[in-house]
Ligand code: NAD
């Protein structure tokens, strides 16, 4: 195929740009203009093999494995600094590729540097234990050792953020890594990987292979030299990856979807709650795993709250992600745009009432825009209340009291996050205990931090990212027994 003059992004393997074995590239598009702006290497199994081979050599060679944890931390500190210096460049790439608003993507990329700084500091603070065992004549202790080669597979909605949630602890633990970014947003990972070379990481410690899930993603997951797979994405791909990993008895962390309830009680500060609900579902055009896509609102304030909500959202400007006045950007991919519109049709056919929006915005150019959409009259057994839309579509469901709110909130296959709006401390605490979700926000929504574990209950995933525990996902625990009594007891009888 003939390509216009487009920027070209190759794999990054063993510290260098690496053309795809097939010689093939695919186009990456701007969701705002709908135009192609880059060509991305189309990886296949032989590229996966080259990248895993480089990561394995780097893991086994002295340059990485004999580095002290403090030295690894030092490199991660340097990387954090480089990230800060390159944040604007990386943010511009992400904005061009996934249409997230300039303000949000810039602060996201800057915040990625904080992740690396946190795990830089943590690298030499993972302490093992001397175990006071019941056996006589021995000293027993544990060692934490890096698992080996880790594959990181990410979606398109927050590419560098979600990569770094895995990459920073994996590197701090001493693993080496192959990243497979989403086929919709690959360039930022390729440019990011080059910073590792600049920071002084040995070649092969961080590699990037681009391409499609079924062409190169599966080959990475199934590669026999891979020890762990860290995945963020949808349930279908997550389940497929879990099955592939199981065949090789690999460990996984899976960060999947959500259908999170944002619960507003009648004693809440409604001015704050309305902002929290809007942030929960319309920021990033609803394309976040933690989207508060089910608004559970106490029946006594239902009509007033919906009215306030509609009033706040109605004026929100859709348009160019670079324009500071824009509040809602485009949908990142054409298939996602079509999926959102299909769910709006489903909601209507189920009998939900469209209180706001409900249409594509064709007047904004070639980009993929969907109006912020609010459905009332939703029952929790409708598909629009149960299935992840991953777009700016809110389902409003009334409830009677605490017990009813808990029942509805938990009556879903997912369990990623939940929000609660109330002035009662007792009620907030009760809800935080009863909600089956990995994160519960009381009187706030959408906060995450490198300090704080993040992950899902139920079909929202397996394992936790962020915080001190995340590094343990990338470590094996080895027990060492040292005899302090040189007399080996009766070899035929276990003592
Ligand atoms: P997706 O599952 O379609 O793709 C994610 C990644 O998996 C891509 O890189 C893709 O190429 C790869 N992939 C797909 N099939 C594969 C296979 N068989 N083998 C190996 N790799 C494969 O998801 P998406 O559409 O890019 O992202 C949206 C989804 O991500 C939503 O469901 C959302 O909830 C989820 N998400 C979850 C979190 C979280 O932290 N829980 C965060 C962001 C997004």
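Numbering (the working numbering), first residue to last: 9 to 503.
From the three backbone atoms N, C-alpha and C, an ideal C-beta is built for every residue, glycine too.
Could you tell me the alpha carbon to alpha carbon distance between residue 426 and residue 133, rounded to whole angstroms? 32 angstroms
Within this structure, are the beta carbons of residue 207 and residue 90 separated by less than 8 angstroms? yes
Please find out if some non-hydrogen atom of the ligand NAD comes closer than 7 angstroms to the beta-carbon of residue 183. no
So what's residue 374 in DSSP terms, helix, strand or just coil? coil
Quick check on DSSP: helix, strand or coil for residue 111? helix
Any non-hydrogen atom of the ligand NAD within 7 angstroms of residue 36 CB: no
Please report the distance separating the alpha-carbon of residue 277 from that of residue 450. 12 angstroms
Quick one, are the C-beta atoms of residue 363 and residue 383 less than 8 angstroms apart? yes
Within the present structure, is the beta-carbon of residue 248 separated from the nearest heavy atom of the ligand NAD by less than 7 angstroms? yes
Any heavy atom of the ligand NAD closer than 7 angstroms to the CB of residue 553? What the structure shows of the chain is the stretch from 9 to 503, and residue 553 is not part of that stretch, so it cannot be assessed.
Measuring straight from C-alpha to C-alpha, what distance separates residue 130 and residue 329? 36 angstroms
Any non-hydrogen atom of the ligand NAD within 7 angstroms of residue 396 CB: yes
Cutting at 7 angstroms between CB atoms, please list the residues of its own chain near residue 460, excluding the five before and the five after it. 474 and 475
Taking the continuous beta strand (DSSP E) assigned at residue 486, which residues delimit it? 483-491
Bounding residues of the beta strand (DSSP E) (the contiguous stretch that carries residue 384): 381-384
Where does residue 405 land, buried or exposed, given buried means 16+ other C-beta within 10 angstroms? buried
Let's see if you can read the secondary structure: which residues bound the alpha helix (DSSP H) around residue 279? 278-290
Need the endpoints of the alpha helix (DSSP H) that residue 82 sits in, please. 77-106
With distances taken between CB atoms, is the gap from residue 233 to residue 157 smaller than 8 angstroms? yes
Can you grab the Cα-Cα spacing for the pair residue 392 / residue 298, in whole Å? 16 angstroms
Proximity to residue 280 [Cα-Cα], best of 431, 75, 126 and 109: 431
Using a threshold of 7 angstroms, is the CB atom of residue 256 nearer than that to any non-hydrogen atom of the ligand NAD? no
Span separating the alpha-carbon of residue 9 from that of residue 47: Summary for residue 9: the model assigns pLDDT 47, below 50, so the residue's position carries little reliability; its value from the coordinates is reported in the next sentence. Their backbone Cα atoms lie some 12 angstroms apart in a straight line.
Where the beta strand (DSSP E) containing residue 137 begins and where it ends: Here residue 137 belongs to no beta strand (DSSP E), and DSSP marks it neither H nor E.
What is the residue span of the beta strand (DSSP E) that residue 186 lies within? 184-188
Does DSSP put residue 339 in a helix, in a strand, or in coil? coil
Please tell me whether, using a cut-off of 7 angstroms, the distance from the CB of residue 532 to the nearest non-hydrogen atom of the ligand NAD is below it. Summary: the structure shown does not reach residue 532, with the chain confined to residues 9 through 503, and so no result is reported for it.
Given 8 angstroms, three or more beta-carbon pairs between the stretch 213-220 and the stretch 19-38: yes
Just list the residues that DSSP pairs residue 314 with in beta bridges. Answer is none; residue 314 lacks a bridge partner.
With DSSP as the reference, label residue 31 as helix, strand or coil. coil
Considering only heavy atoms of the ligand NAD, does any lie closer than 7 angstroms to the CB of residue 449? no
Using beta-carbon positions only, say whether residue 150 and residue 485 come within less than 8 angstroms of one another. yes
Tell me whether residue 400 counts as near the ligand NAD, meaning its Cβ is closer than 7 angstroms to at least one heavy atom of that ligand. no
Exposed unless 16 or more other CB atoms sit within 10 angstroms - verdict on residue 377: buried
Could you tell me the alpha carbon to alpha carbon distance between residue 3 and residue 119, rounded to whole angstroms? A query on residue 3 cannot be resolved here, the shown segment of the chain reaching from 9 to 503 and no further.
Supposed close pair residue 467, residue 433 - CB separation, criterion 8 angstroms: In fact, because the Cβ distance is near 31 angstroms, the residues do not count as touching under 8 angstroms.
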